[in-house]
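Please read the structure below before turning to the comments.
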Amino acid sequence: MASHIWSKENQTGADETVQKFLAGKDILLDRHLFLFDVEATIAHVNGLSRIEVLSDEECQTLVSGLKELAALYQAGDYELNPPHEDSHSAIEFWLTEKLGPIGGKVHTGRSRNDQVQVALRLYMRDRLNSLQDLCVSLAETLLNRATEMHDWAMPGYTHLQRAVPSSVGLWLGGMAEAFTDIAHMVSMTKQWINSSPLGSAAGYGVNLPLDRDGVAKELGFDRVQINPQYVQNSRGRYELQALNALAQATLELRRLAWDLSLFSSSEFSFVTMPEKFVTGSSIMPNKRNPDVVELLRASHSVVEGALSELQASLSLPSGYHRDLQMTKEPLLRSFEQSLPALEIMTDLVANMSLKKETMHDAIDSDMYTTDVAIEAALKGQTFREAYKVAMSSDSLDSRTPEASLKARVSLGGCNNLGLDLIAQRLKKLK
Ligand code: ARG
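If you're matching positions, the sequence shown starts at 110 in this note's numbering and goes up one per residue.
Structure (structure tokens):
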């Protein structure tokens, strides 16, 4: 038996080194794509039977074979391993071994070029769904914690220097709004990429009246990606957009992780992380290290690196080129690293404890000077005059964080956080 689905009768044996190089990491990466590939193959086979390229009986045989393969894979009884070049070949080989030559009929009217794309599209849609859900749960958790501690005073920093009194409600509410925004962006990205590449074959269509619409519907796509060459030209660009949406989330995750690593240091001592998020040192018995938070912070570097890697693979003329295989790994690596990171952050935010007194006591009297200047401006001084004398006001020592926070009444301020408005926007995603 030929060793590749593309081998021909008269072809000389494959050079192992070259074959290994060609396959790259496909066989490992395709473990994340396999079930999507099978799902799309079922839709393709059903489509072929609707245009009578396959008989009903052939269609049923192939579809039940494919369903059996998916079940075996899910149960761990079928593994993707070399010598298969990729999941596409593995599916066809398995069908042919199990069902005989009819297995070779699944590829009628299809190329690996549209096959890989449809599997990737389904993978991206699935992972963007998870990303949206994870952003929503993180935002909800942040909102809950912000509500619970809405009036706990803490310093507001600019340049990492104490600036004005602020609150836990403002800090965590801001993070909640960020993840709400990002969840909306993910939802738009999902709609943008939800188009079916199947039926475009190698990039030029085929001489069959393929039911592209029916296949797209069966797979839950919103539309068919029309031009077959554009399907190939969009490979990598869709991935780039999915990664950009992910990068929005990991960028904000990095900021929150930064805040937590700073705030849990002895210098701040605002945050105590639950035991399971803290590690010890192999040499220093006294250490409680925030390794988990640091790895959460590092998730963004994986995505940022992947974005450059992906973009670098896209300097190509029209049509399919094997370079495009290189777009797969950065995409998969980023999602597989970052989605668990978002889940862990949600758990951490839900279970961390904050030190009310320490945060309150970190507000020193200089931090009221902006309030003093604005109050004087209200009484008739120009703000610039008031600004100049605020530092020498004799009211500074008698002021309290509570009074300062109470006066911030405009929308978003500490006494009007708008957490309910953020919650309403979040609800629209459900
Ligand atoms: N692993 C290949 C990829 O990701 C599959 C498509 C191969 N197509 C081809 N014409 N050689 O691009």
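All C-beta atoms in this analysis are idealised placements derived from N, C-alpha and C, irrespective of residue type, glycine included.
Collapsing the DSSP output to three states places Ser-296 in a helix.
If you draw a 10 Å sphere on the C-beta of Thr-267, you find fewer than 16 other C-beta atoms in it, and that means exposed.
Neighbourhood of the ligand ARG, defined by CB distance below 6 Å to any of its heavy atoms: Asp-135, Asp-195, Arg-221, Asn-222, Val-225, Tyr-429, Arg-431, Leu-433, Gln-434, Lys-437, in chain order. Three or more beta-carbon pairs drawn from the segment 218-238 and the segment 144-154 are found closer than 8 Å, and the two stretches are therefore classed as touching. A direct Cα-Cα distance of roughly 10 Å separates Val-172 from Leu-178. Of the residues Asn-398, Leu-448, Leu-208, Glu-494, the one whose Cα lies closest to the Cα of Glu-166 is Leu-208.
If only complete runs of 4 or more residues are kept, the segment 290-337 shows the alpha helix (DSSP H) at 321-327, in order along the chain. Bridge pairing for Pro-426: absent [DSSP]. The Cβ-Cβ distance between Lys-326 and Leu-237 does not fall below 7 Å. Rounded to whole angstroms, the separation of the alpha carbons of Lys-117 and Ile-136 is 22 Å. Within a 10 Å sphere around the beta-carbon of Leu-404 sit fewer than 16 other beta-carbons, which makes this residue exposed. In the DSSP assignment, Gly-174 falls within the unbroken alpha helix (DSSP H) covering 165-183. Residue ranges of uninterrupted beta strand (DSSP E) with 3 or more members are absent from the segment 379-437; none lies entirely inside it. Straight across, the Cα-Cα distance linking Arg-140 with Gly-133 is about 14 Å. If you check the CB distance, Pro-264 and Ile-472 come in under 7 Å. As DSSP reads the structure, Leu-463 sits in a beta bridge with Val-380. Considered as a whole, the segment 244-292 harbours 262-267, 270-276 as its complete beta strand (DSSP E) runs of no fewer than 3 residues, in chain order. In this structure, Lys-465 sits away from Trp-280, with a CB-CB distance that is not shorter than 7 Å. Take the alpha-carbon of Met-393 and the one of Val-387: they are about 14 Å apart. If you ignore the 5 residues before and after Arg-508, its C-beta comes within less than 6 Å of the C-beta of Tyr-477, all in its own chain and listed in chain order.
Setting aside the 5 residues that flank it on each side, Ser-502 is surrounded in the same chain by Val-481, each with a C-beta closer than 6 Å to its C-beta; the list follows chain order. Taking the Cβ atoms as the reference, Pro-449 lies roughly 16 Å from Ala-415, outside the contact range of under 8 Å.
A straight line joining the alpha-carbon of Val-401 with that of Ile-114 spans about 45 Å.
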